[in-house]
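Novice: Below is one structure. I have some questions about it.
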Amino acid sequence: MSEQRYAVKYDLTTETSKDGFTKQEILKDGKGGCDAFILTSIIRTDGATSYKTVTLDGRRKDKELQGHDLAGAWGIMAGHIAEDPTVAQDIRAIARGALAKMRETVKGVNWN
0 MSEQRYAVKY DLTTETSKDG FTKQEILKDG KGGCDAFILT SIIRTDGATS
50 YKTVTLDGRR KDKELQGHDL AGAWGIMAGH IAEDPTVAQD IRAIARGALA
100 KMRETVKGVN WN
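Structure follows, in structure tokens:
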């Protein structure tokens, strides 16, 4: 069996500040900025796929995101899946239904 080869190599470093960072401070370092993030790593080996999701909420002192934020991100992804013509029609229908239910239930999220 050959050694696993990966198509993507990444380096993710985080820095938090109780006062936050200005756009200028972020851009001068050539970085991006946000209040929280979700990273899903996808590894494909021998016909199988594994997923690992890592989250960080910078406003909560380097803790994982809470369910409400994850639900919001999941709804946004459902919207993309629902509109993606490369996704099978039955999966798109499931995504449309999930997004509609999310819009009804979860308030305070911009679903666009």
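When we follow numbering that gives the first Met the number 0, the leftmost residue of the sequence shown carries the number 0, and every step to the right adds one.
All C-beta atoms, glycine included, are put in the ideal place defined by N, C-alpha and C.
Keep in mind that this is a model prediction, so the values were computed, not measured.
Hey, how far is the Cα of K60 from the Cα of L98?
Specialist: Distance between the alpha carbons of K60 and L98 is about 30 Å.
Novice: Would you mind giving the Cβ-Cβ distance between T54 and L69, rounded to the nearest angstrom? I have them listed as a contact below 8 Å.
Specialist: Yes, T54 and L69 are in contact; Cβ-Cβ is about 7 Å, under 8 Å.
Novice: Kindly give me the distance between the Cβ atoms of I41 and A72, rounded to whole angstroms, as I take these residues to be in contact under 8 Å.
Specialist: In fact, because the Cβ distance is near 16 Å, the residues do not count as touching under 8 Å.
Novice: According to DSSP, what are the bridge partners of F36?
Specialist: F36 is bridged to L55.
Novice: Could you tell me which residues DSSP pairs with Y50 in its beta bridges?
Specialist: Beta-bridge pairing links Y50 to I41.
Novice: Between G57 and A92, is the Cβ-Cβ spacing less than 7 Å?
Specialist: The answer is no: Cβ separation not under 7 Å.
Novice: Rounding to the nearest angstrom, what Cα-Cα distance links C33 and R4 in this structure?
Specialist: Taking the straight line joining both Cα atoms gives about 31 Å.
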